[in-house]
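**Student:** Its first residue numbered -14, the sequence shown is counted upward by one per residue in our numbering. We put the CB at the ideal spot given by N, CA and C, even for glycine. Submitted below is the structure of interest, expressed as structure tokens.
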Amino acid sequence: MPVHSFDLAWDEPIRRPVSIEDLAAHVAGAHAVGHAVVEGVVLDSREVRSGDLFVALPGAHRDGTDFVSEAIARGARAVLAERVLDVTVAQLVVPSAFAALGPTSAAVYGYPTERLEVVGVTGTNGKTTTAELIRSALSSPDHPVAQLGTTGIYLGSDLIADTELSTPQAPDLQRLFAGVLVRGARRAVMEVTSHGLHQHRVDGTRFRVGVFLNLSPEHLDYHRTMENYYQAKRRLFDEGRCEFALVCVDDEWGTRLASELEIPVRTFSMGGSADVVARVESRGLTGVRVVVPDEGGSVVLHSPLVGRVNGANITAAYLVARHLGVDAPVAKDRLEACPAPPGRFEVVTRDEPFVVASDYAHTPDALGFVIDTAREISRGRVRLVFGARGGRYVDKRPLMAEEASRADEVWLTTDSPGDEDPLVIARQVREGFRGDVVVHEEPDRSRAIHAALRASSDGDVVVMTGRGPEPLQRFGDAHVHLDDRVEARLALDALYPPRDDGTVSVVVWARDHEDSVERALVSALAQTRPPREVLLVDDGSGDATVDVARRVGVRVIRGAARGRSFCRNLGAARSLAPWIAFLDASDLWHPEKIESQWAAMSSRGALASVTGWSSSSTWTPRDAQLSFPEESREEWGERRASTLLLRRDVFGAVGGFDANQVDAGDGRFFARLGERTTVVALERDLVRGLARREL
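Structure (structure tokens):
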């Protein structure tokens, strides 16, 4: 039974036995049938472990009771269901499985939010940014703050799990809370979505603070009306669930909410009437300056976040920190050091003559805010690359185009169409364009991004919206790897080759390589021609790979289990030097690898080089053949990325590695590279793979 979930490597310490009779006493209307002691709560029959309570949720297409036999076969000790079933294990029978799920999960995992201060953030726009700011404002060296939301699940600055749901299912949520307590957290901040509230995912969670930011039309395919949408959001602030409310009253919904709540409320506004009236004094590409009244005076916050719209997010984070006892100077310092979350007006340009940014905006209001921000910093034209998602918000598509019409030039392209025809989606969007905006239609998103950048000039701002940090597009059952930020960086490197000072960035791919990563990194750092930087892109490791890399002292980027090619492209996009070399964490470099390749390329004016690779336990030098060999494409397919050194703009010009060819090797990339430029091949084994016996 498919349920969005995630794995945590530290799950074992939080499994604790509780009887279903005890659970029945904590769930309204529940009664136990038989006796059992359970240690975990699971929704997906495929994830059941011995001792778990399997929850048979009713479904629109398949019912959870259809999977009870499988769950029992996998070791479930009891079943939670809405009726008595003919099964051999104990049962917890409840009036509503959805309503019982949260309290049951909280009880099984020891009521973790009784000991963890949780801040919930809700609203249509700004949840992720505000949650990131709150995590930063509350963090301390002794106690990292957990964060749950759209960009993943973090403990401090470490990404510990991916989740497809901004608000996880109740069993995952309570298990997570219990786990971060074990790992030293005392506070957590989470995005609380209307779906999560309506579907009882946060039932059983106690919130020390609830934050309301704004409300505008979204998810109306699910909620049907704005009133229903509002009522779902309002649940976060129910008495008994939330202790204190911080409400932005800059729209009618916030004003109404503040007047209706029965818990303590503090209101704030960015210029209207409220308990706290903050203001944005200046803004630009370097960030915003926000003035917030505090204790008879005011504090001035200089944030690197771009755009006036972030004023409310910054103010909310500051007020939460102060409410929870953080001193004003400490809160100020932490907020001023907090960067923007990935994909929130994330600038990907370096020293190019125009600005390129990526933003997750996928609602009309959010798109309008992004265009406003682009106007604030633009000295030229505002160009927009966007599309609409499939599967929802059909009525919203023309409204997106209406907002997009405020740009000077638009590339209408494909977002993630799902089961819909992307051309039909584009036609529905197109109906909403107004005025004199120039609109280009390019279904291929990569081509649209490259075209928008080629059309731009000094002072322009290009914004790619709708996807933010998301790396996958869904076309029916197929998933295509595409990261707007990486595509833009590749295009920029091809358009504006970096100043060539001869320095090299080494991009190291790793996934569960705790036994070999240190040796690989040291082999890169110990080159006779030292690299400018070594950055490790972690491909979703579940072991200590990242900890080892940080101990060595290299820069770490999380690639979130997207495959080697995607991670290499991500590393290249984040690299700083004009030359790039690649290394897998299971390989070692000869100390003279970079120096040998550099000498060979310099003597021929070449922009790329490869070497030999060996699985031998010793280096095997051979005579260097410094001319480009006439190899077939099949032979190119045997080349390994760990042997490659090339200029970054060449890497961009050939489109990087094939992120959608996860298991197809690097043959296509090397074939394109060979067609694009002269590649010097050193037939010396300057790279070798570590044999298993050496690990």
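Closer than 6 Å by C-beta to Gln22: which residues in its own chain qualify, once you throw out the five before and the five after it? Chain order, please.
**Tutor:** One point to set straight first is that residue 22 is Val, not Gln, in the sequence displayed. Counting only Cβ-Cβ distances below 6 Å, and skipping sequence neighbours, we find Pro2 and Ser4.
**Student:** According to the Cβ coordinates, are Arg268 and Gly292 closer than 8 Å?
**Tutor:** Yes, the pair counts as a contact, with Cβ atoms nearer than the cut-off.
**Student:** In the DSSP assignment, the alpha helix (DSSP H) including Pro278 goes from what residue to what residue?
**Tutor:** Unbroken run through Pro278 is the beta strand (DSSP E), Gly272 to Asp279; no alpha helix (DSSP H).
**Student:** Of all the options Thr50, Gly281, Thr398 and Leu667, which has the alpha carbon lying nearest to the alpha carbon of Gln413?
**Tutor:** Considering only alpha carbons, the answer is Thr398.
**Student:** Return the chain-ordered list of same chain residues with a C-beta closer than 8 Å to the C-beta of Gly272, the five sequence neighbours on each side being excluded.
**Tutor:** Taken in chain order, the residues that qualify are His287, Ser288, Pro289, Leu290 and Val291.
**Student:** Along the chain, which unbroken stretches of the alpha helix (DSSP H) at least 4 residues long are found entirely within the segment 9 to 87?
**Tutor:** Counting whole runs of 4 or more residues, the segment 9 to 87 contains the alpha helix (DSSP H) stretches 53 to 58.
**Student:** Give me, in chain order, the residues of the same chain whose beta-carbon lies closer than 7 Å to that of Ala316; leave out the 5 immediate sequence neighbours on both sides.
**Tutor:** Excluding positions up to five away in sequence, the list reads Ala122, Tyr303, Ala306 and Arg307.
**Student:** Just to confirm, is the Cβ distance from Pro576 to Thr513 under 8 Å?
**Tutor:** Yes, the pair counts as a contact, with Cβ atoms nearer than the cut-off.
**Student:** State the DSSP-derived secondary structure class of Cys233, mapped to helix, strand or coil.
**Tutor:** Reduced to three states, the DSSP call for Cys233 is strand.
**Student:** Ala511 by DSSP, collapsed to three states: which one?
**Tutor:** The answer is coil: DSSP assigns Ala511 none of H, G, I, E or B.
**Student:** For Glu620, which of helix, strand or coil comes out of DSSP?
**Tutor:** For Glu620, the pLDDT reaches just 40, beneath the cut-off of 50, and the residue's location in the model is therefore unreliable, leaving the point undetermined.
**Student:** Taking 8 Å as the cut-off, does the segment 129 to 136 touch the segment 98 to 115 (at least 3 CB pairs, one atom from each stretch)?
**Tutor:** Short answer: they touch.
**Student:** Please report the straight-line C-alpha distance between Ala45 and Arg34, rounded to a whole angstrom.
**Tutor:** In a straight line, the C-alpha of Ala45 is about 26 Å away from that of Arg34.
**Student:** DSSP three-state call for Val533: helix, strand or coil?
**Tutor:** Residue state, collapsed to three classes: helix.
**Student:** Alpha carbon to alpha carbon, what distance is there between Gly659 and Gly556?
**Tutor:** Taking the straight line joining both Cα atoms gives about 22 Å.
**Student:** Using the Cα positions of Val333 and Val340, report the straight-line distance between them to the nearest angstrom.
**Tutor:** One C-alpha to the other measures close to 8 Å.
**Student:** Below 8 Å between beta carbons: does that hold for Ala495 and Ala570?
**Tutor:** Yes, they are a contact pair.
**Student:** Have a look at Glu405, Glu67, Val74 and Arg329 and flag the residue whose alpha-carbon is nearest the alpha-carbon of Pro80.
**Tutor:** Measuring from the Cα of Pro80, the nearest candidate turns out to be Glu67.
**Student:** Mapping DSSP to helix, strand and coil, what is Leu592?
**Tutor:** Residue state, collapsed to three classes: coil.
**Student:** Using only alpha-carbon positions, find the residue among Arg633, Arg220 and Leu161 that is nearest to Arg171.
**Tutor:** It is Leu161 whose Cα lies nearest to the Cα of Arg171.
**Student:** Rounding to the nearest angstrom, what Cα-Cα distance links Ala92 and Glu99 in this structure?
**Tutor:** Their Cα atoms are separated by approximately 11 Å.
**Student:** What number of angstroms, rounded off, separates the C-alpha of Asp643 from the C-alpha of Asn554?
**Tutor:** So the two alpha carbons sit approximately 9 Å from each other.
**Student:** Can you tell me whether DSSP reads Pro606 as helix, strand or coil?
**Tutor:** Bear in mind that the predicted position of Pro606 carries a pLDDT of just 43, short of 50, making it unreliable; the figure below should be weighed with that in mind. Coil.
**Student:** My assumption, with CB atoms under 8 Å, is that Val493 sits in contact with Leu506. Please give the rounded CB distance.
**Tutor:** The Cβ separation is near 6 Å, so the contact holds.
**Student:** From the DSSP secondary-structure annotation, give me the bridge partner or partners of Asp227.
**Tutor:** Note that residue 227 is Cys in the sequence shown here, rather than Asp. In the DSSP output, where bridge partners are listed per residue, Cys227 has Phe192.
**Student:** My guess is that Val275 and Thr358 are in contact by the Cβ rule of under 8 Å, so how many angstroms apart are they, rounded?
**Tutor:** Wrong, their Cβ atoms sit about 15 Å apart, outside the cutoff.
**Student:** Provide the residue(s) that pair with Phe654 in DSSP beta bridges, ordered along the chain.
**Tutor:** Paired residues: none, contrary to the question.
**Student:** Is it the case that the Cβ atoms of Leu65 and Ala85 are separated by a distance below 8 Å?
**Tutor:** Yes, they are a contact pair.
**Student:** By Cβ distance below 7 Å, which residues in the same chain neighbour Gly444 in space, the five residues on each side in sequence not counted?
**Tutor:** The answer, listed in chain order, is Phe339, Ser363, Arg364 and Gly365.
**Student:** Just tell me which of Arg549, Val664, Arg360 and Ile565 has its CA closest to the CA of Pro482.
**Tutor:** Closest by alpha carbon: Ile565.
**Student:** Closest to Tyr214 by C-alpha separation, out of Pro249, Ile299 and Gly108, would be which residue?
**Tutor:** Looking at the Cα atoms, Gly108 is the closest of the given residues.
**Student:** Nearest by alpha-carbon distance to Leu246: which of Cys227, Gly257, Ala263 and Val261 is it?
**Tutor:** The option with the nearest alpha carbon to Leu246 is Cys227.
**Student:** What residue ranges within the segment 371 to 456 form continuous beta strand (DSSP E) runs of no fewer than 3 residues, ordered along the chain?
**Tutor:** Qualifying beta strand (DSSP E) stretches, in chain order: 394 to 397, 423 to 426 and 446 to 450.
**Student:** Which class does Thr178 belong to by DSSP, given the choice of helix, strand or coil?
**Tutor:** DSSP places Thr178 in coil when its eight states are reduced to three.
**Student:** Which of the three DSSP states, helix, strand or coil, is assigned to Glu331?
**Tutor:** Of the three classes helix, strand and coil, the one that applies to Glu331 here is strand, per DSSP.
**Student:** Identify the continuous beta strand (DSSP E) that holds His287 and give its terminal residues.
**Tutor:** Unbroken beta strand (DSSP E) run through His287: Gly282 to Ser288.
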